[in-house]
Each structure stands twice: as C-alpha cells, then as structure tokens.
Amino acid sequence: TEEEADELAKKVEAAGGIIEDTPKVRNNFYGFSFQDIDGHYFNIIVMA
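Next comes the structure, spelled out in structure tokens:
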C-alpha cells in the first residue's frame, strides 16, 4: 500500500539510506527510489 511505502521510506532514512526520489504518484503507480549505505540503488513500486 502507499502507507507501507511511506513507512519504508522513513525506515530507509532512519537507517542512513538516501531517498533519491520522494514517494509520490507517477503514471499508474506510487513509489520512490533510494540508495542504501553501500551505494546500491532500489525502486519501490506500489501498483494502483
């Protein structure tokens, strides 16, 4: 859900990750991207 994605974004930041693109609606999905503390990039997507 969008709420779970928002909560995950907060946990990423709390753990030292960098939110590259804040959670928001795009086309037909909601999501965000982030970089972890080791420099790996991830995309989190919630289908609408």
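First residue of the sequence shown: 28, per this note's numbering; consecutive thereafter. Idealized CB from N, CA, C, for every residue including glycine. Quick caveat: nothing in here was measured; it's all calculated off a predicted structure.
Could you check what DSSP says for D63 in three-state terms: helix, strand or coil?
Position 36 of the sequence shown, counting from 1, holds the residue named residue 63. Residue state, collapsed to three classes: coil.
Backbone CA spacing between A75 and N55 [nearest angstrom]:
Within the sequence shown, residue 75 is the residue found at index 48, counting from 1. Within the sequence shown, residue 55 is the residue found at index 28, counting from 1. One Cα belongs to A75, the other to N55, and the distance between them is close to 6 Å.
For G43, count neighbouring C-beta atoms within 10 Å of its own C-beta (all shown protein chains included) and say buried if the count is 16 or more, exposed if not.
Along the sequence shown, one-based indexing puts residue 43 at 16. Label assigned to G43: exposed.
In terms of alpha-carbon separation, which member of D33, V52, V39, T49 lies closest to D65?
Here residue 65 refers to the residue found at position 38 of the sequence shown. When only C-alpha atoms are compared, the closest one is V39.
To the nearest angstrom, how far is the alpha carbon of E34 from that of R53?
Indexing the sequence shown from 1 puts residue 34 at position 7. Indexing the sequence shown from 1 puts residue 53 at position 26. So the two alpha carbons sit approximately 18 Å from each other.
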